[in-house]
Amino acid sequence: SQQGEEDPQALSIQEGENATMNCSYKTSINNLQWYRQNSGRGLVHLILIRSNEREKHSGRLRVTLDTSKKSSSLLITASRAADTASYFCATRLGSKLTFGTGTRLQVTL
Amino acid sequence: GAGVSQSPRYKVAKRGQDVALRCDPISGHVSLFWYQQALGQGPEFLTYFQNEAQLDKSGLPSDRFFAERPEGSVSTLKIQRTQQEDSAVYLCASSLDGLAGYEQYFGPGTRLTVT
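Listed in order, the protein sequences are those of chains A and B.
According to the working numbering, the stretch in the first sequence is residues 3 to 111, in order.
According to the working numbering, the stretch in the second sequence is residues 1024 to 1138, in order.
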C-alpha cells in the first residue's frame, strides 16, 4: 500500500512561478526522497533528505522535512515548461522505498 | 554508461497467459528492486534482491508472481495466469547497495495490459 498522501493531487502554474508540493507519511523513516516521472525519461531521482535534516537545497529545488509531523515539502522555484511531470515522495526504511500517490504538475507558457 | 533496461517495453497478454518481464540492471549494481505502478498511482514495492538472494518478497501480491535473479545480474519477473488486475507498469531499479542506502536508478518500465 502507499505510504501516504501528496497534496495537491494536481497543480497548474505559469512558467516562472514557484510550485510547492506536500507529502505526508505514516511510519518512521531513514530518509525521504523526491522523484520526478514523465513519459520521456521515466522515474528520476531528484533529491534526498535524511531523517536528521530539516532542509536541503539543490539548484531550483528546496526540500523540507518535519519528522514530528511526518511531512515534507518540495519547492520548485522559477518553474519551466520542462518541469511538467508527476512528482512523488518516497520514504526509505531499511532497503525498501515506499512511494506516495504523486502530484501532477503542469507548467504552462 | 548504460542505465537500467527493461524488456519488453509493452506487453499485451490474454487473461490466463503467463508473462515474463526482464530487467538488466546497471553493471556492478548489487541490489535490484521490482515495483508495480497502477495508472495514476505511485510505484509499489514488490521484491528486492541483494546479488542473487531474494531478501524481501513481501510486496508480491499473490503466489502467481515470481521473481528470480539466478546469477546476481539480470532479473526476471514472472506472472502466471495473468488477471486483469495485473495490468500496470512494472518498474525495475538497481543500486550499488540497497542495504547501504545508495540511490536507486529506475528503468523505463514494462507496460503490461491484460485483456
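The beta carbon of each residue, even a glycine, is placed where N, CA and C say it ideally should be.
Query - Contacts that PRO1131 (chain B) makes with chain A (C-beta to C-beta distance below 8 Å) - result: GLY44
Requested in this report: Keeping to the same chain, check which residues put their C-beta closer than 7 Å to that of GLY1031 (chain B); ignore five residues upstream and five downstream.
Outcome: Gly is not the amino acid found at residue 1031 (chain B); the sequence shown has Pro there. Closer than 7 Å at Cβ, skipping near neighbours: THR1133.
Query - Buried or exposed by the 16-neighbour rule on C-beta atoms within 10 Å, applied to SER1081 (chain B) - result: exposed
Query raised in the report: Considering only residues of the same chain and omitting the five flanking positions on each side of PRO1106 (chain B), which have a CB-CB separation below 7 Å?
Result: Position check: residue 1106 (chain B) holds Gln in this sequence, whereas Pro was assumed. Taken in chain order, the residues that qualify are ARG1038 and VAL1137.
Requested in this report: For chain C, find out if any of its Cβ atoms is closer than 8 Å to the Cβ of LEU48 (chain A); answer yes or no.
Outcome: Absent from the structure is chain C; the protein chains it does hold are A and B.
Query raised in the report: If you check the beta carbons only, do TYR1125 (chain B) and ILE1049 (chain B) fall under 8 Å apart?
Result: no
Query raised in the report: Is the Cβ of GLU1126 (chain B) closer than 8 Å to any Cβ of chain A?
Result: yes
**Report entry** Span separating the alpha-carbon of LYS28 (chain A) from that of ARG64 (chain A)
**Finding:** 22 Å
**Report entry** Rounded Cβ spacing between LEU1044 (chain B) and GLN1029 (chain B) (contact assumed at less than 8 Å)
**Finding:** 7 Å
Query raised in the report: Taking THR1070 (chain B) as the reference, which of B:GLN1064, B:GLY1095, B:LEU1135 and B:PRO1084 has the closest Cα?
Result: B:PRO1084
Query - Min CB distance PHE1068 (chain B) to chain A below 8 Å - result: yes
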